[in-house]
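Colleague: My structure is below; once you've seen it, I'll send some questions.
Protein chains: 2
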Amino acid sequence: MAKAWATLGVDLHVEPTGPGVRRGLTDALREAVRSGRLAPGTRLPSSRSLAADLGIARNTVADAYAGLVAEGWLTARQGSGTRVAERTLPQPAPASAAAPRTRDPGRPAYDLIPGSPDLASFPRTEWLKAARRALTRAPHDALGYGDVRGRPELRTALAGYLSRARGVRADADRIVVCSGFSDALTLLGAVLRRRGLRSLAVESYGLDVHWNLLHRSGLRTVPLPFDELGTRTDDLTGVRAMLLTPAHQFPMGVPLHPDRRAAVVDWARRTGGLILEDDYDGEFRYDRQPVGALQGLDPDHVVYLGTASKSLAPGLRLGWLVLPPSLAGEVTALKDGGGWSSGVLDQLTLAEFITSGAYDRHVRAARLRYRRRRDALVSSLATRAPAVRATGIAAGLHAVLQLPPGTEQSVLRAAAWQGLAVHGLSRYRHAAAFTEPLDALVVGYGTPPDHAWSGALEALCGALG
Amino acid sequence: MAKAWATLGVDLHVEPTGPGVRRGLTDALREAVRSGRLAPGTRLPSSRSLAADLGIARNTVADAYAGLVAEGWLTARQGSGTRVAERTLPQPAPASAAAPRTRDPGRPAYDLIPGSPDLASFPRTEWLKAARRALTRAPHDALGYGDVRGRPELRTALAGYLSRARGVRADADRIVVCSGFSDALTLLGAVLRRRGLRSLAVESYGLDVHWNLLHRSGLRTVPLPFDELGTRTDDLTGVRAMLLTPAHQFPMGVPLHPDRRAAVVDWARRTGGLILEDDYDGEFRYDRQPVGALQGLDPDHVVYLGTASKSLAPGLRLGWLVLPPSLAGEVTALKDGGGWSSGVLDQLTLAEFITSGAYDRHVRAARLRYRRRRDALVSSLATRAPAVRATGIAAGLHAVLQLPPGTEQSVLRAAAWQGLAVHGLSRYRHAAAFTEPLDALVVGYGTPPDHAWSGALEALCGALG
Numbered sequence: 470m471a472k473a474w475a476t477l478g479v480d481l482h483v484e485p486t487g488p489g490v491r492r493g494l495t496d497a498l499r500e501a502v503r504s505g506r507l508a509p510g511t512r513l514p515s516s517r518s519l520a521a522d523l524g525i526a527r528n529t530v531a532d533a534y535a536g537l538v539a540e541g542w543l544t545a546r547q548g549s550g551t552r553v554a555e556r557t558l559p560q561p562a563p564a565s566a567a568a569p570r571t572r573d574p575g576r577p578a579y580d581l582i583p584g585s586p587d588l589a590s591f592p593r594t595e596w597l598k599a600a601r602r603a604l605t606r607a608p609h610d611a612l613g614y615g616d617v618r619g620r621p622e623l624r625t626a627l628a629g630y631l632s633r634a635r636g637v638r639a640d641a642d643r644i645v646v647c648s649g650f651s652d653a654l655t656l657l658g659a660v661l662r663r664r665g666l667r668s669l670a671v672e673s674y675g676l677d678v679h680w681n682l683l684h685r686s687g688l689r690t691v692p693l694p695f696d697e698l699g700t701r702t703d704d705l706t707g708v709r710a711m712l713l714t715p716a717h718q719f720p721m722g723v724p725l726h727p728d729r730r731a732a733v734v735d736w737a738r739r740t741g742g743l744i745l746e747d748d749y750d751g752e753f754r755y756d757r758q759p760v761g762a763l764q765g766l767d768p769d770h771v772v773y774l775g776t777a778s779k780s781l782a783p784g785l786r787l788g789w790l791v792l793p794p795s796l797a798g799e800v801t802a803l804k805d806g807g808g809w810s811s812g813v814l815d816q817l818t819l820a821e822f823i824t825s826g827a828y829d830r831h832v833r834a835a836r837l838r839y840r841r842r843r844d845a846l847v848s849s850l851a852t853r854a855p856a857v858r859a860t861g862i863a864a865g866l867h868a869v870l871q872l873p874p875g876t877e878q879s880v881l882r883a884a885a886w887q888g889l890a891v892h893g894l895s896r897y898r899h900a901a902a903f904t905e906p907l908d909a910l911v912v913g914y915g916t917p918p919d920h921a922w923s924g925a926l927e928a929l930c931g932a933l934g
Numbered sequence: 470m471a472k473a474w475a476t477l478g479v480d481l482h483v484e485p486t487g488p489g490v491r492r493g494l495t496d497a498l499r500e501a502v503r504s505g506r507l508a509p510g511t512r513l514p515s516s517r518s519l520a521a522d523l524g525i526a527r528n529t530v531a532d533a534y535a536g537l538v539a540e541g542w543l544t545a546r547q548g549s550g551t552r553v554a555e556r557t558l559p560q561p562a563p564a565s566a567a568a569p570r571t572r573d574p575g576r577p578a579y580d581l582i583p584g585s586p587d588l589a590s591f592p593r594t595e596w597l598k599a600a601r602r603a604l605t606r607a608p609h610d611a612l613g614y615g616d617v618r619g620r621p622e623l624r625t626a627l628a629g630y631l632s633r634a635r636g637v638r639a640d641a642d643r644i645v646v647c648s649g650f651s652d653a654l655t656l657l658g659a660v661l662r663r664r665g666l667r668s669l670a671v672e673s674y675g676l677d678v679h680w681n682l683l684h685r686s687g688l689r690t691v692p693l694p695f696d697e698l699g700t701r702t703d704d705l706t707g708v709r710a711m712l713l714t715p716a717h718q719f720p721m722g723v724p725l726h727p728d729r730r731a732a733v734v735d736w737a738r739r740t741g742g743l744i745l746e747d748d749y750d751g752e753f754r755y756d757r758q759p760v761g762a763l764q765g766l767d768p769d770h771v772v773y774l775g776t777a778s779k780s781l782a783p784g785l786r787l788g789w790l791v792l793p794p795s796l797a798g799e800v801t802a803l804k805d806g807g808g809w810s811s812g813v814l815d816q817l818t819l820a821e822f823i824t825s826g827a828y829d830r831h832v833r834a835a836r837l838r839y840r841r842r843r844d845a846l847v848s849s850l851a852t853r854a855p856a857v858r859a860t861g862i863a864a865g866l867h868a869v870l871q872l873p874p875g876t877e878q879s880v881l882r883a884a885a886w887q888g889l890a891v892h893g894l895s896r897y898r899h900a901a902a903f904t905e906p907l908d909a910l911v912v913g914y915g916t917p918p919d920h921a922w923s924g925a926l927e928a929l930c931g932a933l934g
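Right, here's the structure in full:
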């Protein structure tokens with residue numbers, strides 16, 4: 470580390486022997502240029518003299534120089550030797566100045582926000598076993614660029630499962646695997662927009678994140694009226710497509726009334742309309758058999774949308790569409806050109822999880838656990854907050870707690886004081902809904918892990934009491 | 470199975486006892502309605518009489534009826550009993566008439582199409598081990614809806630790896646995990662379009678699937694000229710952004726000449742232009758250290774795009790962006806609202822794979838294997854087809870075999886006769902390129918599994934000989 474570097478005023482730490490010499494020298498020089506310790510225009514020692522100084526082979530130095538010339542850090546010109554490139558140095562990037570924040574700025578003690586299952590009950594061991602079986606068995610080409618509709622193993626497993634568990638008329642050829650419900654809805658929004666639709670009917674209550682996805686696709690969302698029997702379907706003039714949660718309205722929790730199921734299917738047949746059926750938590754019904762999917766009544770006019778986000782975990786980012794024949798080609802073509810697709814390993818694992826029966830076992834165990842929570846919620850409310858009426862509790866992972874008029878905001882504040890994260894119903898109401906606003910909490914009793922459940926329930930009762 | 474069903478002319482198979490009775494009856498009735506065996510309007514026996522006939526509890530029948538009313542298959546009206554719903558029966562979906570075809574209509578014996586690594590060498594055992602460690606260690610909330618930029622574990626691992634292996638200046642906060650390169654490019658295309666760009670400069674040779682993704686985003690692609698030193702960068706008038714493969718031009722195989730690297734970085738600084746750096750196979754270079762990423766020279770104007778598709782497998786659908794601070798917020802916001810995201814389990818597994826050193830070991834082994842194949846290709850050509858010149862062979866998983874002028878199509882036909890799938894260079898040439906067309910094959914020697922490699926090479930030499 471003598472003359473040559475002394476001249477440059479740079480101290481480099483380069484091990485003189487071993488396979489990493491060239492690499493070490495390259496990295497050290499690059500860093501010296503990047504940091505400004507070697508200024509633009511600086512002439513470097515010849516490779517011969519630097520090699521001698523460092524006690525390493527001349528070729529090693531020449532290679533390192535050549536690599537840095539190729540990368541643009543140095544320049545080599547006939548007659549002027551090797552120099553640091555003449556270029557304004559890049560300013561160090563401001564430390565995350567424009568970087569987006571993470572979403573988790575200190576969380577409350579208890580979480581009853583709906584939309585997530587109990588993540589602590591994700592069947593990790595069973596999932597890993599299924600992953601091992603699936604990956605061991607998969608043909609090599611399963612790991613390549615594949616069918617944009619998703620792996621055939623998963624589409625076949627879903628066709629069987631959905632037919633059996635949800636009454637869906639599913640053909641593996643018309644199932645398209647997506648990165649969760651949002652991806653599926655984005656895809657459908659794009660297809661509808663291409664077909665010339667400008668708007669989509671939605672329910673008066675729902676998730677604004679879904680409405681916003683549709684808005685991004687260029688579709689307005691027009692809320693259908695809502696009454697005590699659920700979404701009203703008596704006036705569908707001008708509607709060409711609608712998004713519904715027929716088995717379990719989100720968040721109100723009622724199933725679509727049988728007459729209205731009949732009405733929307735008749736409407737779809739009569740007008741060629743399209744129904745997007747969001748079956749987000751169809752597996753979870755407690756007091757009787759789940760209401761089967763609307764899609765079974767008319768697979769030519771209903772698009773079925775399902776997801777693993779409630780039955781397993783949102784982090785899997787796995788959802789699926791069952792498409793009418795008239796839409797299958799368009800959706801596949803759009804997906805094909807759009808770069809959308811899901812990793813095959815989770816797809817193969819879910820296929821194995823379903824066909825081995827592990828999925829059914831998991832859903833049964835989860836149903837039992839959530840049912841117990843629901844029962845605990847209802848009985849706690851009966852004693853601790855008798856003025857509060859729990860509705861929408863026959864199914865799903867959440868309940869609507871109806872509050873005395875005008876009290877939603879004060880209850881939310883009381884909940885925050887109790888360290889409880891929970892949502893009011895008002896945030897699920899479409900801005901254009903004609904429905905009279907109701908004061909209520911939407912309580913996601915599926916969300917907390919077991920160990921936090923009783924504390925969460927206590928905090929809730931405290932906020933309501 | 471007596472009177473009641475005899476009346477209806479329907480034979481149902483319902484087990485009379487056990488927990489599945491209601492379910493079995495429901496399914497059987499639904500199927501009878503669906504298939505038309507129970508015609509619309511048919512009045513069903515009373516629950517009392519059917520229960521007696523079947524020897525099951527009356528409540529079970531009543532529940533099954535109620536479930537099917539709720540689903541819309543039956544109707545129940547005061548005074549007219551339970552009937553099959555009056556509705557035209559859905560026509561059975563035509564058997565996959567409009568369904569898209571799968572992409573695999575009988576494959577050739579050998580595959581030298583570029584773009585895929587050897588899928589047989591995917592490190593299944595090591596990957597499963599990493600998956601087990603990752604999933605065992607992951608906090609529960611990792612399985613929920615998370616940061617749209619991807620799991621922090623993976624972004625941190627990538628920041629370290631890319632800095633070390635590719636000279637990328639990466640901050641985990643500005644890394645965004647995507648579903649492969651296509652997803653990343655689609656996202657960037659949308660952001661550029663929103664910024665008002667109407668076109669993007671691309672290279673004269675490249676992948677039409679990428680150009681088409683950009684066209685879908687509303688951007689024209691304008692090819693930059695190409696000569697023996699690679700893509701020309703001397704006239705960038707009017708260019709605001711460009712997509713390049715600086716380390717290893719695809720498919721020509723040359724690195725971007727150092728002067729031109731300098732020129733594009735200077736252009737970007739001077740004009741505020743943006744360079745999208747596609748570093749698709751940056752890890753694979755055989756005769757010297759890989760050329761470092763252009764992004765290291767100017768992280769404020771270069772977006773780095775990487776992928777696991779070449780180093781591991783396309784089926785993982787994992788890619789990543791390293792974004793300049795000025796773009797990070799926009800890209801994250803767009804992704805946030807767009808439903809794009811990748812499964813967390815593969816993300817956690819890849820993070821573990823990288824940090825445990827398994828990724829480095831895998832890349833080293835793969836590099837050795839591909840290098841041997843390249844050497845075998847070059848020496849076979851030297852003896853069997855001396856008129857053919859192999860270029861672009863210093864790096865990557867493919868070579869360009871330059872053919873005598875006017876012979877590309879006939880060589881492709883000869884290859885097909887040999888049962889060999891291989892591409893001509895003409896399909897990688899941008900339609901608007903001014904460059905003189907060259908006759909050549911683009912040979913993906915990384916593609917076949919080991920056992921098929923020598924056969925593929927033999928077929929190739931046969932087609933060229």
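So the sequences go chain by chain: A and B. To get the numbering used here, take the position in the first sequence, counting from 1, and add 469. To get the numbering used here, take the position in the second sequence, counting from 1, and add 469. Just so you know, even glycine gets a beta-carbon here, dropped at the ideal spot from N, CA and C.
1. Does any CB atom of chain B fall closer than 8 Å to the CB of D829/A?
2. In this structure, does DSSP put A539/B in helix, strand or coil?
3. Tell me whether R739/B is buried or exposed, calling it buried when 16 or more other Cβ atoms sit within 10 Å of its Cβ.
4. For the alpha helix (DSSP H) holding D728/A, just list the boundary residues, first then last.
5. So who's on the other strand from M772/B, going by DSSP bridges?
6. Would you kindly check if the distance between the Cβ of L929/B and the Cβ of V912/B is under 8 Å?
7. Output yes if chain B places a C-beta closer than 8 Å to the C-beta of H609/A; else output no.
8. For A562/B, which of helix, strand or coil comes out of DSSP?
9. If you drop the 5 nearest sequence neighbours on each side, which residues of the same chain put their C-beta closer than 7 Å to that of S895/A?
10. Just checking, does the stretch 815 to 822 of chain A make contact with the stretch 777 to 788 of chain A on the three C-beta pairs under 8 Å criterion?
11. Which chain A residues are close to V813/B, counting only those with a beta carbon under 7 Å from its beta carbon?
12. Using the three-state DSSP reduction, which class does G798/B fall into: helix, strand or coil?
13. If you measure from the beta carbon of V760/B to each beta carbon in chain A, is any gap under 8 Å?
14. For P532/B, which residues in chain A fall below 8 Å Cβ to Cβ?
15. Taking only beta-carbon positions, decide if P569/B is within less than 8 Å of chain A.
16. How would you write the range of the alpha helix (DSSP H) that P621/A sits in, first residue to last?
17. F695/A by DSSP, collapsed to three states: which one?
18. For chain A, is any of its Cβ atoms less than 8 Å away from the one on F591/B?
19. Taking only the alpha-carbon atoms, compute the straight-line gap between A508/B and W680/B and give it to the nearest angstrom.
20. Under 8 Å, Cβ to Cβ, is there at least one residue of chain A near A603/B?
21. Tell me D580/A's beta-bridge partners as DSSP assigns them.
22. Kindly say whether N681/A, judged by its beta-carbon, lies nearer than 8 Å to any beta-carbon of chain B.
23. Helix, strand or coil for E672/B? Go by DSSP, reduced to three states.
24. Below 6 Å CB to CB, which residues in the same chain sit around G931/A once its five sequence neighbours on both sides are set aside?
25. So which residues on chain B does S585/A lean against when the C-beta distance must stay under 8 Å?
26. Taking 8 Å as the CB-CB limit, is A581/A close to chain B?
27. Under a Cβ-count criterion, where at least 16 other Cβ atoms within 10 Å of its own Cβ denotes burial, should A762/A be classed as buried or exposed?
28. Under 9 Å, CB to CB, which of the residues in the stretch 850 to 879 of chain B have a partner in chain C?
29. Rounding to the nearest angstrom, what Cα-Cα distance links A539/A and R512/A in this structure?
30. Please list, in chain order, the residues of the stretch 489 to 501 of chain A that have any C-beta partner in chain B closer than 9 Å.
31. Here's the rule I'm using: 16 or more other beta-carbon atoms within 10 Å means buried, otherwise exposed. How should V800/B be labelled?
32. Give me the chain B residues within the contact set of G636/A, using Cβ-Cβ distance strictly less than 7 Å, ordered along the chain.
33. Just to confirm before moving on: does the CB-CB distance between V760/B and A716/B stay below 8 Å?
34. Kindly indicate which three-state DSSP category I525/A falls into: helix, strand or coil?
Modeller: Reading from the atomic positions:
1. no
2. helix
3. exposed
4. P727 to T740
5. A small correction: the amino acid at residue 772/B is Val; Met does not occupy that position in the sequence shown. DSSP output for V772/B lists L745/B as bridge partner(s).
6. yes
7. yes
8. Interpretation of A562/B is limited by its pLDDT of 37, a score under 50 that renders its predicted location unreliable; no figure is taken from the coordinates.
9. E877 and P906
10. yes
11. G784
12. helix
13. yes
14. At residue 532/B the sequence reads Asp, which differs from the Pro that was named. The contacting residues are R757 and Q758.
15. With a pLDDT of 37 at P569/B, under the threshold of 50, the predicted position of this residue should be treated as unreliable, though the coordinate-derived value follows. Yes, contact with chain A.
16. P621 to R635
17. strand
18. yes
19. 54 Å
20. no
21. A890/A
22. yes
23. strand
24. Q887
25. G613 and Y614
26. For clarity, residue 581/A is Leu in the given sequence; the question names Ala instead. Chain B, which has no Cβ nearer than 8 Å to the Cβ of L581/A, makes this no.
27. buried
28. Looking at the structure shown, chain C is missing, and the protein chains on hand are A and B.
29. 17 Å
30. R491, R492, T495, D496 and R499
31. buried
32. R499 and E540
33. yes
34. coil
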